[in-house]
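K.L.:
These protein sequence lines map, in sequence, to chains A and B. Residue numbering for the first sequence follows my numbering, beginning at 1 and increasing consecutively. Residue numbering for the second sequence follows my numbering, beginning at 241 and increasing consecutively. Okay, here's the structure, questions in a sec.
2 protein chains.
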Amino acid sequence: MGRGFELLELVGRSRNGLKGREIAGMLEIPVSTAFRQLKFLTDHGYLRSSNGVYTLGSALIRLGNEAMRQNPLSRLAHGVLSELAEATSETVHLAELRGDRVVYVDKVEGSRPVRMGSMIGNTSPLHCTGVGKAILAFLPERERRELIEKIELTRFTERTITDRADFTAELDRIRARGYAVDDCEHEPGVFCVAAPVFDSSGAVLGAVSVSGSELYLRGAQEFLKERVRTAAAAISAELR
Amino acid sequence: MGRGFELLELVGRSRNGLKGREIAGMLEIPVSTAFRQLKFLTDHGYLRSSNGVYTLGSALIRLGNEAMRQNPLSRLAHGVLSELAEATSETVHLAELRGDRVVYVDKVEGSRPVRMGSMIGNTSPLHCTGVGKAILAFLPERERRELIEKIELTRFTERTITDRADFTAELDRIRARGYAVDDCEHEPGVFCVAAPVFDSSGAVLGAVSVSGSELYLRGAQEFLKERVRTAAAAISAELR
DNA sequence: TTGTTATTCTCATTATATGAGAATGCATTC
DNA sequence: GAATGCATTCTCATATAATGAGAATAACAA
Numbered sequence: 001m002g003r004g005f006e007l008l009e010l011v012g013r014s015r016n017g018l019k020g021r022e023i024a025g026m027l028e029i030p031v032s033t034a035f036r037q038l039k040f041l042t043d044h045g046y047l048r049s050s051n052g053v054y055t056l057g058s059a060l061i062r063l064g065n066e067a068m069r070q071n072p073l074s075r076l077a078h079g080v081l082s083e084l085a086e087a088t089s090e091t092v093h094l095a096e097l098r099g100d101r102v103v104y105v106d107k108v109e110g111s112r113p114v115r116m117g118s119m120i121g122n123t124s125p126l127h128c129t130g131v132g133k134a135i136l137a138f139l140p141e142r143e144r145r146e147l148i149e150k151i152e153l154t155r156f157t158e159r160t161i162t163d164r165a166d167f168t169a170e171l172d173r174i175r176a177r178g179y180a181v182d183d184c185e186h187e188p189g190v191f192c193v194a195a196p197v198f199d200s201s202g203a204v205l206g207a208v209s210v211s212g213s214e215l216y217l218r219g220a221q222e223f224l225k226e227r228v229r230t231a232a233a234a235i236s237a238e239l240r
Numbered sequence: 241m242g243r244g245f246e247l248l249e250l251v252g253r254s255r256n257g258l259k260g261r262e263i264a265g266m267l268e269i270p271v272s273t274a275f276r277q278l279k280f281l282t283d284h285g286y287l288r289s290s291n292g293v294y295t296l297g298s299a300l301i302r303l304g305n306e307a308m309r310q311n312p313l314s315r316l317a318h319g320v321l322s323e324l325a326e327a328t329s330e331t332v333h334l335a336e337l338r339g340d341r342v343v344y345v346d347k348v349e350g351s352r353p354v355r356m357g358s359m360i361g362n363t364s365p366l367h368c369t370g371v372g373k374a375i376l377a378f379l380p381e382r383e384r385r386e387l388i389e390k391i392e393l394t395r396f397t398e399r400t401i402t403d404r405a406d407f408t409a410e411l412d413r414i415r416a417r418g419y420a421v422d423d424c425e426h427e428p429g430v431f432c433v434a435a436p437v438f439d440s441s442g443a444v445l446g447a448v449s450v451s452g453s454e455l456y457l458r459g460a461q462e463f464l465k466e467r468v469r470t471a472a473a474a475i476s477a478e479l480r
């Protein structure tokens, strides 16, 4: 069944759409099969085509809107995130765990213009992001251990933690003090402070973070940590 | 292949998600089949589940964002639409033809609070909407005839045009004067003025409309018609 | 005209999804 | 602690529905 979705993902990754032939080639499937799929997807609005080039279609916009509306966490949290972005002037993220990565489910830009690669719906690794570490640190021990074993500690910057013992120690530290810091471990120059969000049973649901230039944020860590933890607690409190 | 997509659409239509059982029932498929599909879709992020309730997932948010970015028409048109919404204080839509319906690809709310059922990615019938009639009127004769034959002139309000001869005459009128009016033919109390957008070859690509309460808009028809036609022409001009 | 590329069609083949039911896991209740 | 209810996963034989090679059609350019 995944065939159709592979096709969507492939077109989604392309900058300005793909031709039927290219798609068949990249997926290593016969041209006739590719076109049959393309026809189905186009007829249903998941793709659009204009003179031979296929791009993502309007049905995905509709489903995407609806997905945002249905996400219980971001629905409750959005107000708090906006306040946090306002108070800190920096970009605020709300993220959840999906598989062995974090996925951003909401984002509010602050007034300071720092461009980041993040987008709602995108995913990032666990080991080098504030939200990832904040979630991982507060997961039940068994899940946490499994994930630590499973993930690869890929190096992104010179500060990325790539040693499993170091990483376990870092998680212990995060659990002890209640918040996580990403000191340019994922994107050079980008500093984050993140805190976990819990449901009524005390299980970690996601994390909130404030991100921005290391030049501003490293010095403000104490202030940010308070703000982020307060915001995360406020969201947790709404989940009752 | 459509099975997975039917499932997404079903969950998308639900207000707050559905349980596995409900889905199986509504689609009239065995429970085991439903759960197999649900597992696939959940694993890939197209759905999310929390204690037995399935809602649309974050992968759809990502694809939806990307779909908006890839839509060539709305990418170019958005600025013009905002100006039109500003100038008229009413809600502005950009729509395209998809099959035998129109699909809204962009929407800018005006300052006047009129709630409408429209959403980006949603579709409406051709025969009772301003954008639908504006597009249909300027389609090449053969396509236009085929569509007129194909669509059902379903009655939505007492003003909906339900006679095929009347409808053909209405389209001739629209073609002659260059814009379309929906005088509460789809939603009671909602009045629209719409004008077509053309590509460089002169083929109709879509339509722009201004919608709002009949109380304000019917009297302002002359003013609106000028504004909407100017906006549509500006978008057409950008498509070179 | 001829050539090119996009798209649809046909049809035999088989891979893939299906469905019935059992099994597991996890709460809650008696 | 046995028992019930519910969500979810698993097994496996079966058939449906997707597949792929190639031909046919359509649109367009040189």
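Glycine residues also receive a C-beta, built at the ideal position from the N, C-alpha and C atoms. The structure presented is a predicted model; accordingly, all values stated were derived computationally and were not measured.
Using a C-beta to C-beta distance shorter than 8 Å, which residues of chain B count as neighbours of His44 (chain A)?
P.N.:
Here the neighbours are Gly242 and Phe245.
K.L.:
So, does the stretch 311–329 of chain B touch the stretch 277–292 of chain B, judging by three or more C-beta pairs under 8 Å?
P.N.:
As far as the Cβ criterion goes, the stretch 311–329 of chain B does not touch the stretch 277–292 of chain B, which means the pair count is below three.
K.L.:
Exposed or buried, Asn362 (chain B), counting other C-beta atoms within 10 Å across all chains shown (16 or more means buried)?
P.N.:
Under this definition Asn362 (chain B) is a buried residue.
K.L.:
For Val345 (chain B), return the contacting residues in chain A, with the cut-off set at a CB-CB distance below 7 Å.
P.N.:
The contacting residues are Ser58.
K.L.:
Do Leu376 (chain B) and Asp346 (chain B) have their C-beta atoms closer together than 9 Å?
P.N.:
No, these two residues do not count as a Cβ contact at 9 Å.
K.L.:
Grouping DSSP H, G and I as helix and E and B as strand, with all else coil, what is Ser74 (chain A)?
P.N.:
Helix, per DSSP.
K.L.:
What first and last residue would you give for the beta strand (DSSP E) that runs through Ser50 (chain A)?
P.N.:
Run containing Ser50 (chain A): Leu47 to Ser50, per the beta strand (DSSP E) assignment.
K.L.:
So what does DSSP say about Thr88 (chain A), is it helix, strand or coil?
P.N.:
Looking at Thr88 (chain A) - three-state DSSP - the assignment turns out to be helix.
K.L.:
Roughly how many whole angstroms lie between the Cα atoms of Ala307 (chain B) and Gly242 (chain B)?
P.N.:
The alpha-carbon atoms of Ala307 (chain B) and Gly242 (chain B) are separated by roughly 20 Å.
K.L.:
What's the call for Gly429 (chain B), buried or exposed, on a 16-neighbour Cβ count within 10 Å?
P.N.:
Exposed, because fewer than 16 other Cβ atoms sit within 10 Å of the Cβ of Gly429 (chain B).
K.L.:
Quick check on DSSP: helix, strand or coil for Gly20 (chain A)?
P.N.:
Three-state result, Gly20 (chain A): helix.
K.L.:
Alpha carbon to alpha carbon, what distance is there between His78 (chain A) and Val450 (chain B)?
P.N.:
If you take the alpha carbons of Val450 (chain B) and His78 (chain A), they lie about 30 Å apart.
K.L.:
Select from A:Leu153, A:Glu152 and A:Asp172 the residue whose C-alpha is nearest the C-alpha of Val139 (chain A).
P.N.:
The residue you asked about is not Val; residue 139 (chain A) is Leu in the sequence shown. Measuring from the Cα of Leu139 (chain A), the nearest candidate turns out to be A:Asp172.
K.L.:
Quick one: residues in its chain with C-beta nearer than 8 Å to the C-beta of Arg467 (chain B), no 5 flanking neighbours on either side, listed in chain order?
P.N.:
Counting only Cβ-Cβ distances below 8 Å, and skipping sequence neighbours, we find Leu324, Ala327, Thr328 and Val450.
K.L.:
Which residues in the same chain have their Cβ closer than 6 Å to the Cβ of Ser236 (chain A), if we skip the five residues on either side of it in sequence?
P.N.:
So the qualifying residues of the chain are Val197 and Phe198.
K.L.:
Is the Cβ-Cβ distance between Thr369 (chain B) and Ala434 (chain B) less than 9 Å?
P.N.:
In this structure, Ala434 (chain B) lies closer than 9 Å to Thr369 (chain B) by Cβ.
K.L.:
For Gly446 (chain B) versus Ala335 (chain B), is the C-beta distance shorter than 9 Å?
P.N.:
Cβ atoms of Gly446 (chain B) and Ala335 (chain B): closer than 9 Å.
K.L.:
From A:Leu7, A:Val31, A:Arg21 and A:Arg175, pick the residue whose C-alpha is nearest to that of Val131 (chain A); which is it?
P.N.:
Looking at the Cα atoms, A:Arg175 is the closest of the given residues.
K.L.:
Name, going along the chain, the residues of the stretch 15–27 of chain A whose beta-carbon falls closer than 9 Å to a beta-carbon of chain B.
P.N.:
Correct list: Arg15, Asn16 and Gly17.
K.L.:
Helix, strand or coil, according to DSSP, for Thr408 (chain B) in the structure here?
P.N.:
Residue state, collapsed to three classes: helix.
K.L.:
Tell me the residue span of the alpha helix (DSSP H) that contains Tyr104 (chain A).
P.N.:
Careful: Tyr104 (chain A) lies outside any alpha helix (DSSP H), inside the beta strand (DSSP E) at Arg101 to Val108.
K.L.:
Decide if Arg261 (chain B) is buried, meaning its Cβ has at least 16 other Cβ atoms within 10 Å, or exposed.
P.N.:
With fewer than 16 other Cβ atoms within 10 Å, it is exposed.
K.L.:
Ignoring anything shorter than 3 residues or poking outside the stretch 426–477 of chain B, list the beta strand (DSSP E) runs there in chain order.
P.N.:
Runs found: 430–438 and 444–453.
K.L.:
Reducing DSSP to helix, strand and coil, say where Leu247 (chain B) ends up.
P.N.:
The answer is helix: DSSP assigns Leu247 (chain B) an H, G or I state.
K.L.:
According to DSSP, is Glu66 (chain A) part of a helix, a strand, or is it coil?
P.N.:
Three-state DSSP puts Glu66 (chain A) in a helix.
K.L.:
If Ser124 (chain A) sits next to Arg159 (chain A), beta carbons under 8 Å apart, how far is it from one beta carbon to the other, in whole angstroms?
P.N.:
Contact flag wrong, Cβ pair sits at about 15 Å.
K.L.:
If I measure Cβ to Cβ from Leu464 (chain B) and keep anything under 7 Å in the same chain, skipping five residues before and after, which residues do I get?
P.N.:
Excluding positions up to five away in sequence, the list reads Thr328, Val433, Val450 and Leu457.
K.L.:
Let me know the secondary structure DSSP gives Arg482 (chain B) once reduced to three states.
P.N.:
With chain B running from 241 to 480 in the structure shown, residue 482 (chain B) is simply not present.
K.L.:
What are the partner residues of Ala525 (chain B), as DSSP defines its beta bridges?
P.N.:
What is shown of chain B runs 241 to 480, which leaves residue 525 (chain B) out entirely.
K.L.:
Could you give the distance in angstroms between the alpha-carbon of Ala409 (chain B) and the alpha-carbon of Asp422 (chain B)?
P.N.:
Answer to the nearest angstrom: the Cα atoms are 15 Å apart.
K.L.:
Would DSSP call Ser124 (chain A) helix, strand or coil?
P.N.:
DSSP places Ser124 (chain A) in strand when its eight states are reduced to three.
K.L.:
What does the alpha-carbon distance come out to for the pair Glu146 (chain A) and Leu296 (chain B)?
P.N.:
C-alpha separation (whole angstroms): 27 Å.
K.L.:
Shorter than 9 Å from the beta carbon of Pro125 (chain A) to some beta carbon of chain B?
P.N.:
By this cut-off, Pro125 (chain A) is not an interface position.
K.L.:
Going by the beta-carbon positions, is the gap between Gly304 (chain B) and Gly64 (chain A) smaller than 9 Å?
P.N.:
Going by C-beta atoms, Gly304 (chain B) is nearer than 9 Å to Gly64 (chain A).
K.L.:
Considering just the uninterrupted stretch of the beta strand (DSSP E) at Thr55 (chain A), what are its terminal residues?
P.N.:
Val53 to Leu56 is the span of the beta strand (DSSP E), which, as asked, contains Thr55 (chain A).
K.L.:
Could you tell me which chain B residues have their CB closer than 8 Å to the CB of Leu8 (chain A), listed as they occur along the chain?
P.N.:
Chain B residues near Leu8 (chain A): Leu303.
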